[in-house]
Amino acid sequence: MRYGNTKKIMVTGGAGFLGSHLCERLLDQGHEILCVDNFFTGSRRNIAHLLGNPRFEMLRHDVTFPLYVEVDEIYNLACPASPVHYQFDPVQTTKTSVIGAINMLGLAKRVKAKIFQASTSEVYGDPEVHPQPEEYWGRVNPIGFRSCYDEGKRCAETLFFDYRRQHNLQIKVVRIFNTYGPRMHPNDGRVVSNLIMQALKGEDITLYGDGQQTRSFCYVDDLIDGFIRLMDTGPEITGPINIGNPGEFTIRQLADLVIEITGSKSKLVHRPLPPDDPRQRRPDITKAKEILGWSPTIDLKAGLEKTVLYFDAYLREANNRDQ
Ligand code: NAD
Ligand code: UDP
Ligand code: UDP
């Protein structure tokens, strides 16, 4: 039974970093949430505060297996996002993106649900076009260490557009650029979590390569706002649409900012650059502005301050547990 505009919404990968924020925001809007996750990189801790809500339900399930449930909307976020995690079992990563997409699209087709795909700026690979607009087809190595993730996500996009052309599904594809914030996995090797954890623990801060490569960092609350705006558009809007913060920083600049905010005494040290590491990345968000009326509102310093508070509390909790 549905009341008013309340929908039954499934979020795959709902116990992860982005998924847990999305579940929280959709619950606040009054919807019923089915969170589906196999806890590969997600955790109960991320959703512990939602478990008491009668409109929230958690299902432990791997999206590479079929799933038969009745829902109005699907947000498909299931997939490890950090290079350390997605390279741990690369075959499973491709399966999660490709077979997971097929299963979720099959489900959406059967129940006539709108379906959203969390794609990635990695579909642009190591780009020759800067900043990257959605029309750019990308430059991706099909056989490298990052390919399980990049090509898996590219194939998932293909499937979304073919299910639309063949079966008239309502699809929404978002290409997410590097996003950070509370509930990022503290040990997932991504640059924001690594640098903050190192700074807070007084360990050396690791810059891969010369630290002059760039990324654009979006605060999680801004990103989730963009997701929901896209999902709420009419059937003619499919994406792919870039969501990210166009502020571009070198990794060295990011490190300096983290040191400033934490007041850390940590030293900067250089480590080898991982293979196929993109040299620069910045979203062109013209479409997000025009179609969704969306642009980010939280700058890097303000977002990092909130994230530092989260990691600081996390470390204190961990220390108390160990004592
Ligand atoms: P995350 O690792 O915190 O979350 C991914 C979630 O998916 C985890 O809870 C994990 O347990 C779950 N999962 C993985 N494989 C699964 C499977 N086979 N079945 C069910 N659940 C499974 O990562 P995140 O940063 O929250 O990323 C969420 C989504 O956004 C991913 O699809 C990722 O590719 C995409 N994305 C994230 C970023 C970013 O900067 N955070 C950038 C681009 C794209
Ligand atoms: N599927 C699912 N839940 C459903 C419907 C389908 O998990 O409610 C899976 C099922 O495993 C199937 C896949 O989605 O293999 C693709 O479904 P589709 O109907 O497109 O293809 P078909 O069943 O014809 O292979
Ligand atoms: N990076 C770094 N030090 C770290 C972790 C990452 O210099 O401790 C670099 C990494 O080489 C890359 C950038 O920071 O150039 C972003 O890395 P991340 O793994 O966060 O994301 P992605 O490469 O997927 O954008």
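Counting from 1, position 278 in the sequence shown corresponds to residue 278 in full-length UniProt numbering; the numbering is continuous, with no gaps.
Cβ atoms here follow ideal geometry from the backbone N, Cα and C, with glycine treated the same way.
Fair warning: this is a prediction, and the values are worked out from it, not measured in the lab.
- Gln-253: member of the alpha helix (DSSP H) spanning 251 to 262, first to last residue.
- Within its own chain, the residues whose Cβ lies closer than 8 angstroms to the Cβ of Arg-229, once the five positions on either side in sequence are excluded, are Leu-292, Gly-293 and Trp-294, listed in chain order.
- Set against 8 angstroms, the gap from the CB of Thr-206 to the closest heavy atom of ligand 3 is smaller.
- Pro-133 and Asn-319 have their C-alpha atoms spaced approximately 45 angstroms apart.
- Here Thr-179 is buried. Its C-beta has 16 or more other C-beta atoms within 10 Å.
- For the 9 angstroms CB-CB criterion, Tyr-219 and Ile-251 do not form a contact.
- When distances are taken from the beta-carbon of Thr-286 to the heavy atoms of ligand 1, even the shortest one reaches 8 angstroms or more.
- The way I'd put it, the segment 109 to 126 does touch the segment 165 to 177; three or more beta-carbon pairs between them come closer than 8 angstroms.
- In this structure, Glu-32 lies away from Met-231, with their beta-carbon atoms at least 9 angstroms apart.
- Note on geometry: alpha-carbon atoms of Leu-34 and Gln-280 lie some 37 angstroms from one another.
- Judged by DSSP secondary structure, Val-269 falls within the beta strand (DSSP E) whose first and last residues are 268 to 271.
- In terms of CA proximity to Tyr-310, Val-192 leads the group Gly-247, Val-192 and Glu-24.
- Contact between the segment 146 to 162 and the segment 96 to 110 is present: three or more C-beta pairs spanning the two stretches fall below 8 angstroms.
- Between the C-alpha atoms of Thr-64 and Asn-103 there is a straight-line separation of about 7 angstroms.
- For Phe-116, the enclosing beta strand (DSSP E) covers residues 114 to 120.
- Taking a C-beta distance under 9 angstroms as the contact criterion, Leu-27 and Arg-55 qualify as a contact pair.
- His-21 is classed as buried because its beta carbon has at least 16 other beta carbons within 10 Å across all chains shown.
- Relative to ligand 1, even the nearest heavy atom lies 8 angstroms or more away from the CB of Leu-50.
- Each residue's CA atom was taken as its position, placing Glu-135 and Asp-126 some 15 angstroms apart.
- Contact between the segment 299 to 313 and the segment 230 to 244 is absent, with fewer than three C-beta pairs closer than 8 angstroms.
- For Leu-304, the Cβ stays outside the 8 angstroms cut-off from all heavy atoms of ligand 1.
- The alpha-carbon separation between Gly-226 and Lys-287 amounts to approximately 12 angstroms.
- Taking a cut-off of 8 angstroms on C-beta distances, the segment 66 to 84 does not touch the segment 198 to 216, as fewer than three cross pairs fall below it.
- Here DSSP, grouped into helix, strand and coil, assigns Tyr-310 to helix.
- Residue environment analysis places Ile-143 among the exposed positions, since fewer than 16 neighbouring C-beta atoms fall within 10 angstroms of its C-beta.
- Boundaries of the alpha helix (DSSP H) harbouring Arg-110: 90 to 111, taken from the DSSP string.
- Taking 8 angstroms as the cut-off, one finds no heavy atom of ligand 2 near enough to the beta carbon of Lys-114.
- Contact annotation: the segment 257 to 276 does not touch the segment 103 to 115, with fewer than three C-beta pairs closer than 8 angstroms.
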